[in-house]
Amino acid sequence: MAGGGEVVTLQAVLAWIDGFAATVAENKDYLTKLDSAIGDADHGINMNRGMRAALERLEASPPDDIGAALKTVGMAMVSKVGGASGPLYGTFFLQLAGPLAGKESVTLEEWAGGIRAAVSGVMARGKAELGDKTMIDALVPAVEALEGAVTEGASIGDGLTRAADAAAQGMEATTPLVARKGRASYLGERSAGHQDPGATSSHLLMRTAADTLAQSGQD
Ligand code: ADP
Ligand code: MG
Numbered sequence: 028m029a030g031g032g033e034v035v036t037l038q039a040v041l042a043w044i045d046g047f048a049a050t051v052a053e054n055k056d057y058l059t060k061l062d063s064a065i066g067d068a069d070h071g072i073n074m075n076r077g078m079r080a081a082l083e084r085l086e087a088s089p090p091d092d093i094g095a096a097l098k099t100v101g102m103a104m105v106s107k108v109g110g111a112s113g114p115l116y117g118t119f120f121l122q123l124a125g126p127l128a129g130k131e132s133v134t135l136e137e138w139a140g141g142i143r144a145a146v147s148g149v150m151a152r153g154k155a156e157l158g159d160k161t162m163i164d165a166l167v168p169a170v171e172a173l174e175g176a177v178t179e180g181a182s183i184g185d186g187l188t189r190a191a192d193a194a195a196q197g198m199e200a201t202t203p204l205v206a207r208k209g210r211a212s213y214l215g216e217r218s219a220g221h222q223d224p225g226a227t228s229s230h231l232l233m234r235t236a237a238d239t240l241a242q243s244g245q246d
């Protein structure tokens, strides 16, 4: 289906944030188990703490626009999560918020531009490249798929599903890799053979987007 006139609404963005918080809570033990193999067994705990704080803050002061909603999530991640993932996911949401400030609805193209800014921000902050066995390995294929979908004039639902599928492939591809960034890199060769926890949570973020953001409005 062509994407003419479709938009991502503030309501859909709030459903994404709610949905991601719920998915993180459901997968808390799984993410922590993945982190116990190549890290310090706290990734699920970290993400859950951050997203719970995000929901509390959104409830306490409901946002008027998409940028404000995402900024609240970013600030919660930065201030409530001590691990590497707090500042990195915080950067993701804050950089996504930037180009979407003041907007109550955005096109898929505008959304993809925000996701590109978010992924670039995480790469600048963490200095990780594709193949370093981090969340970047899920996020870069996702944003590339999203941009490809925009170029082809795909619908929001189709574009986000392609992004989530690309993130899943990127996540799976982390398993054989030797980590070059973060705690897992301390293990050297022994980090190979385990799926990266951050790439796994980033896939969940993209999958939840496909499940929620496409309940979009019309211009
Ligand atoms: P910590 O490693 O401080 O315990 P978490 O366990 O919450 O933090 O998060 C670990 C995840 O963070 C890793 O699986 C990896 O995906 C991601 N990560 C770590 N360092 C970096 C980095 N420099 N750039 C991108 N992602 C990173
Ligand atoms: Mg950890």
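28 is the number of the first residue of the sequence shown in this note's numbering; add one for each residue after it.
Cβ coordinates follow ideal geometry from the N, Cα and C atoms, glycine included.
Just so it is clear, the structure is predicted and the values come from calculations on it, not from any experiment.
Asked, Found
"Residue burial classification, Glu247 (beta-carbon count within 10 angstroms, cutoff 16)", "What the structure shows of the chain is the stretch from 28 to 246, and residue 247 is not part of that stretch, so it cannot be assessed."
"Three or more C-beta pairs below 8 Å linking the stretch 182-201 and the stretch 40-48", "no"
"Pair within 8 Å by beta-carbon distance, Val34 and Thr188", "no"
"Inter-stretch contact (C-beta, 8 Å, three-pair minimum) for the stretch 89-100 and the stretch 58-67", "no"
"Per-residue DSSP class, three states only, for Ala181", "strand"
"DSSP-derived helix/strand/coil call for Val34", "strand"
"Whole-angstrom C-beta distance between Gln122 and Ala139, which should lie under 8 Å", "The Cβ separation is near 13 Å, so there is no contact."
"Sequence-distant residues of its chain with Cβ nearer than 6 Å to Met28 (five each side left out)", "Residue placement at Met28 cannot be trusted, given a pLDDT of 46 that sits under 50; the coordinates are not used to answer."
"Rounded straight-line distance, which links the Cα of Val149 to that of Phe119", "6 Å"
"Cβ-heavy atom distance, Gly110 to the ligand MG, below 7 Å", "yes"
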